[in-house]
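See structure below.
Protein chains: 2
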Amino acid sequence: MSAHSHEIEEGLSFQPRFDASGLVTCVATDVATGDVLMVAHMNDEALRKTIATGEAWYFSRSRNALWRKGETSGQTQRVVEMRTDCDQDAVWIRVEQIGAACHTGRRSCFYRKVEAEDGGAKLVFVDADRLFDPDAVYKK
Amino acid sequence: MSAHSHEIEEGLSFQPRFDASGLVTCVATDVATGDVLMVAHMNDEALRKTIATGEAWYFSRSRNALWRKGETSGQTQRVVEMRTDCDQDAVWIRVEQIGAACHTGRRSCFYRKVEAEDGGAKLVFVDADRLFDPDAVYKK
């Protein structure tokens, strides 16, 4: 292993390895249940703001914009703990989620199971109750 | 919302939205504790094999190769449940992890906390015991 790889994996310096778009992957889990709420991305500024404020900030690839989670919907995330992984290209945040994490109004974005069927796969809804009406919240 | 977006978010058809490299993000959590074990990627073949066999397969970006988790280390993952997210560009698998998920020998790849310090951040080791010796397992 190179000295650089060793420093990334075993060091105490936070050196996020941003991809070609300047992003790391962020997994947010519910601190109470361990459920994965969402998978999103952070750029350097989103990471800094999240660490400094204790609230989750992300970078939207579709809108190409920094975004404070809940700034429109009110469904904010308070970060209880942030971790990074061995190669520092992902972070895991355990959060207290106000209301719903998903823009569809569900608690988690992962509201469908993938099940094997006839050599392929189908989806089955689970935990799919909406906690808010997205059309009302996002004024579509 | 377009009819296509509605089908992706509300439909029962599994239509993974692969990125430009043909990959979706996969988050693996420990079914017993809810801890995030690793964040990795799956291509179409890895997804199919995971669904068909109930064992986790990934696609390694660094090695550009399909990879059955544990094929070298023996540290396999049995998939208890797979879910996909609202826009179907990520999957979450809850797994029974044999031994350690991380190539460094730790149970989880997320063995360091990110803590705010002097306007920046530092890392602190947590849950960092090694369950195997990577030099012995990977014959480096």
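Protein chains in written order, with the numbering used here: chain U, 348 to 487; chain Y, 348 to 487.
Think of the CB as a built atom: it goes at the ideal place given N, C-alpha and C, for glycine as much as any other residue.
When burial is assigned at 16 or more other CB atoms within 10 Å of the CB, is Val-471 (chain U) buried or exposed?
exposed
Please decide whether Thr-419 (chain Y) counts as near chain U, where near means a Cβ-Cβ distance under 9 Å.
no
By Cβ distance below 7 Å, which residues in the same chain neighbour Val-383 (chain U) in space, the five residues on each side in sequence not counted?
Val-374, Thr-376, Ser-455 and Phe-457
DSSP three-state label for Ile-440 (chain Y), please.
strand
Here's a check: name, in chain order, each residue in its chain whose Cβ is nearer than 8 Å to the Cβ of Arg-408 (chain Y), leaving out the five neighbours to either side.
Ser-368, Leu-370 and His-388
In angstroms with no decimal places, state the Cα-to-Cα distance between Glu-464 (chain U) and Leu-359 (chain Y).
12 Å
Find the residues of chain U that neighbour Lys-469 (chain Y), judging by a C-beta separation of less than 9 Å, and give them in chain order.
Leu-359, Ser-360 and Phe-361
Neighbourhood of Phe-479 (chain U) by C-beta, 8 Å cutoff - its chain only, sequence neighbours within 5 removed
Ser-420, Gln-422, Gly-446, Ala-447 and Gly-452
For the alpha helix (DSSP H) containing Val-484 (chain Y), list its first residue and its last residue.
481-484
Under the three-state DSSP convention, the category His-450 (chain U) falls into
coil
Find the residues of chain U that neighbour His-450 (chain Y), judging by a C-beta separation of less than 8 Å, and give them in chain order.
Cys-433
Let me know the alpha helix (DSSP H) ranges lying completely inside the stretch 399-428 of chain Y, each 4 residues or longer, listed in chain order.
none
Taking only beta-carbon positions, decide if Lys-396 (chain Y) is within less than 9 Å of chain U.
no
Residue from U:Glu-392, U:Met-429 and U:Glu-356 with nearest C-alpha to Asn-411 (chain U):
U:Glu-392
Assuming contact is defined by CB atoms lying nearer than 9 Å, are Ala-437 (chain Y) and Val-386 (chain U) in contact in what I supplied?
yes
Where Glu-356 (chain Y) meets chain U, residues with beta-carbon distance less than 7 Å
Thr-451
Can you pull out the residues from the stretch 378-392 of chain Y whose beta carbon lies closer than 8 Å to at least one beta carbon of chain U?
Thr-380, Gly-381, Asp-382, Val-383, Met-385 and Val-386
Return the chain-ordered list of same chain residues with a C-beta closer than 6 Å to the C-beta of Asn-390 (chain Y), the five sequence neighbours on each side being excluded.
Gly-369, Leu-370 and Phe-406
N- and C-terminal bounds of the beta strand (DSSP E) containing Ala-463 (chain Y)
459-464
Helix, strand or coil at Ala-379 (chain U) [DSSP, three-state]
coil
Secondary structure at Arg-395 (chain Y), three-state DSSP: helix, strand or coil?
helix
Using the three-state DSSP reduction, which class does Ala-387 (chain Y) fall into: helix, strand or coil?
strand
Can the beta-carbon of Gln-444 (chain U) be found less than 9 Å from the beta-carbon of Arg-364 (chain U)?
no
Three-state class that DSSP yields for Ala-350 (chain U) in the structure shown:
helix
So with Cβ pairs under 9 Å, would you call Phe-437 (chain U) a contact of chain Y?
Before going further, note that residue 437 (chain U) is Ala rather than Phe in the sequence given. It does; some Cβ of chain Y falls within 9 Å.
Quick one: is Lys-416 (chain Y) buried, meaning 16 or more other Cβ sit within 10 Å of its Cβ, or exposed?
buried
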